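So the structure is just underneath, and the comments pick up after that.
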Amino acid sequence: MDSSDNSSSPVEELDSLRPPWANLPPFSNRATSPDASDASETDSVSTNSPVRRTYEDPEMNTTLKEKPAEMLERLRTLSAQRAHRGPNEELRKVTNAFAHLAETFLNIEPEDASLPASRECKRQWGDVVSAGLPECLEGVVMEDTFFDENPIWINYILILVDAARDWITRVKGTLNPTEIDQYLRLFGGLCQNAYLHRTVFVEGNHIVDVYAPDYAQKLRLRMNRILSLSLGKPLNLLKGRRLADLEDYKCLHRLLLHNWYHRADDDGWEVHYQLFSAFAVLEAPNAESTTEDYQNFADEILYTLGAREFLTSLSRLVRDEEIPPLVLGRNLLFVKYIVPWRPFHMHYCESGFFEAVREAVDRYASMEASKKNEWQVYEPILLLLTEIAREAPVGEATGPLIRRFDVIELMARASVCYAQLKAEDENNSTCVDAIQVFIAAANATVTLNGKNVFKKSFRRNMKEEWYPTLKALRDLPGRGQAASRRRCARLAVTWRELGLAIGLNEDEEADAYEKEMRKAAQKCAWRGCEYHTRRPPWPTRVCVGCGDARYCSRVCQRKHWREGHHEGCGKRLKEEPHKAKQS
1034 MDSSDNSSSP VEELDSLRPP WANLPPFSNR ATSPDASDAS ETDSVSTNSP VRRTYEDPEM
1094 NTTLKEKPAE MLERLRTLSA QRAHRGPNEE LRKVTNAFAH LAETFLNIEP EDASLPASRE
1154 CKRQWGDVVS AGLPECLEGV VMEDTFFDEN PIWINYILIL VDAARDWITR VKGTLNPTEI
1214 DQYLRLFGGL CQNAYLHRTV FVEGNHIVDV YAPDYAQKLR LRMNRILSLS LGKPLNLLKG
1274 RRLADLEDYK CLHRLLLHNW YHRADDDGWE VHYQLFSAFA VLEAPNAEST TEDYQNFADE
1334 ILYTLGAREF LTSLSRLVRD EEIPPLVLGR NLLFVKYIVP WRPFHMHYCE SGFFEAVREA
1394 VDRYASMEAS KKNEWQVYEP ILLLLTEIAR EAPVGEATGP LIRRFDVIEL MARASVCYAQ
1454 LKAEDENNST CVDAIQVFIA AANATVTLNG KNVFKKSFRR NMKEEWYPTL KALRDLPGRG
1514 QAASRRRCAR LAVTWRELGL AIGLNEDEEA DAYEKEMRKA AQKCAWRGCE YHTRRPPWPT
1574 RVCVGCGDAR YCSRVCQRKH WREGHHEGCG KRLKEEPHKA KQS
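For the sequence shown, the numbering used here gives the first residue as 1034, with consecutive numbering after it.
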């Protein structure tokens, strides 16, 4: 290359973008600044638990306490006069004083709310809000250059928005029309501007990553907290206005989706609230969402993320072992509105989505949860898979679900779980609807050759599950109430129809089942016993509760009872052990 070439290296180009704030502490020398920890520690703020990001400044704090209106005017003036991307040290100190009070207010525990210090903090923060903080913040967060500034200062402002939100929506109570409009402008304006500058929340933003390490996550988590905890009140305040027509709230659910998709592994499972919150905006009572609104949202997902990328990210959510069943279920209930659509069909398997759903079912089943908690997982999964099987071609949905992911066993397990629930709406048709979709698929196999792989897999899987499940559904009502009997009867009829549709014969399957049971009766029912897979040297004895399970010893019977047999057994064990006859 000619020595006169004026081209610059990537490092030189990046260095030319170095913002002035990066030349001063804490980014230039983290150990010398009172808020050095704010730049170096990894933020662990979650949706529900804010952490301290500010520092103590006694002089500023005293001035704020005594003259809140004067300090607020100072904040407004310094913000308006700030140098773009500059250090703006005085502005940062003033904002820190407000943010320090805001954090103290946010961190008041419910059990400490009546303490004098807590009451004084709430009073002081209320004075700041009443002095015009929301109006001041509205002007700041809507500026085009706001998200280009020092990340520490941005975070301070977001803390102020968070605490203002908490005061207005939770503490203050009744709002007058002026306060409602002010709050909606602040929240809506922040959503619009944050979405326009959404790259600041993503790891890989070269300015933030190079000069303010960890700050993409800090800002993302703080923004997530504001979005999630703001969601209820704005929607309630918007009565009479259709959400889908408001650009602010389009940006709200776009930003929720964006920050969920760009989450980091250590963001915590709470980040998954972002996904169902994005759909909750469309589902709000006053949203009046139409099919076109859902289509538009799906189009945004496809345009900004891509169908496969979205399903891959959704698979990560489903595989998250920390996520509670209820949160997983709510997410799956919402995504069933768009995941069954055509652009997603070819990606169900390659994205790992079907595999992740199957793993989730097995994971929660192994936890030995209550039937109610099991159903919280089964129901949304069945609803989602039913819609997918109904809408997608056999080769992309029903086929792999049967051949590779054993959806037949899932339906059988879910049906028995639903039948065993003590209190459940007997008109819930989740299981019946799922079975009927597969009845239609079974009827469609009539014209297929007997050697067809799909048909053979369908019949083989049904043969393993059909009669044992049918017998269980028929036997359960004897121990239940009238509603339970009706529920089981309806399930049993539909399940029987599925087996007949695939070509099974009830008499033949009953004989095979009884033969298998006679073999099993010679073995111990507890899986941990050495005689679970081979005959013991002495006769097994039947459980006096259910009359089905057999055990080689009282020890195995008690262990099996503790591991879950009691849920299906109609009678508690007697205190006195059964004594074998003396020969």
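Cβ coordinates follow ideal geometry from the N, Cα and C atoms, glycine included. The model shown is predicted, which means the values in this text are computed figures rather than measured ones.
query	result
Burial state of residue 1295 (16 or more Cβ within 10 Å)	buried
Reference residue 1305; option with closest CA among 1329, 1326, 1353 and 1137	1353
Nearest-angstrom beta carbon gap, residue 1494 and residue 1439 [assumed within contact, 8 angstroms]	6 angstroms
Assumed close pair residue 1647, residue 1112 - CB separation to whole angstroms, cut-off 8 angstroms	The requested residue 1647 does not occur in the structure, where the chain is confined to residues 1034 to 1616.
C-beta contact flag for residue 1623 and residue 1380 at 7 angstroms	Any property of residue 1623 remains undetermined from this structure, which presents the chain solely from 1034 to 1616.
Supposed close pair residue 1452, residue 1503 - CB separation, criterion 8 angstroms	That pair is no contact at about 12 angstroms.
Three-pair Cβ contact test at 8 angstroms for the stretch 1140-1159 versus the stretch 1211-1228	no
Supposed contact pair residue 1430 and residue 1476 - C-beta distance, whole angstroms, cut 8 angstroms	Contact flag wrong, Cβ pair sits at about 17 angstroms.
Neighbourhood of residue 1221 by C-beta distance below 6 angstroms, restricted to the same chain and skipping five residues each side	1281
Test item: CB-CB of residue 1424 and residue 1373 under 7 angstroms	yes
Residue 1575 - partner residues in DSSP beta bridges	1583
Between the CA atoms of residue 1433 and residue 1057 - distance to the nearest angstrom	58 angstroms
Proximity to residue 1529 [Cα-Cα], best of 1448, 1582 and 1588	1448
Alpha-carbon spacing of residue 1334 relative to residue 1491, whole angstroms	34 angstroms
Local Cβ density within 10 Å of residue 1133, reported as buried at 16 or more and exposed below that	buried
Residue 1324 burial status per 10 Å Cβ neighbour count (16 or more: buried)	exposed
Expected contact under 8 angstroms - CB spacing of residue 1139 and residue 1090 to nearest Å	Actually they are not in contact, since the Cβ atoms of residue 1139 and residue 1090 sit about 18 angstroms apart, beyond 8 angstroms.
Inter-residue spacing [alpha-carbon to alpha-carbon] between residue 1259 and residue 1233	16 angstroms
Helix, strand or coil at residue 1284 [DSSP, three-state]	helix
Beta carbon of residue 1054 nearer than 7 angstroms to that of residue 1120	yes
Sufficient close CB pairs (3 or more, under 8 angstroms) joining the stretch 1577-1588 to the stretch 1544-1561	yes
Within 7 angstroms, strictly: CB atoms of residue 1311 and residue 1290	yes
Backbone CA spacing between residue 1583 and residue 1506 [nearest angstrom]	21 angstroms
Through-space distance from residue 1117 to residue 1107, alpha-carbon basis	18 angstroms
Nearest candidate by alpha-carbon position, reference residue 1094, set 1130, 1105, 1103 and 1567	1130
Residue ranges of each alpha helix (DSSP H) within the stretch 1412-1479, 4 or longer	1431-1436, 1440-1453 and 1463-1476
Residue 1395 (DSSP reduced to helix, strand or coil)	helix
Local conformation of residue 1248 per DSSP, three classes	helix
Cut-off 6 angstroms between Cβ atoms - residues of its own chain near residue 1478, not counting five sequence neighbours on either side	1488
Alpha helix (DSSP H) segment containing residue 1530, residue limits	1515-1534
Extent of the continuous alpha helix (DSSP H) run through residue 1339	No alpha helix (DSSP H) holds residue 1339; DSSP gives it neither H nor E.
Top-ranked residue by Cα proximity to residue 1574, from 1551, 1596 and 1162	1551
Local Cβ density within 10 Å of residue 1240, reported as buried at 16 or more and exposed below that	buried
C-beta contact flag for residue 1362 and residue 1328 at 7 angstroms	no
Nearest-angstrom beta carbon gap, residue 1369 and residue 1417 [assumed within contact, 8 angstroms]	4 angstroms
Buried or exposed by the 16-neighbour rule on C-beta atoms within 10 Å, applied to residue 1474	buried
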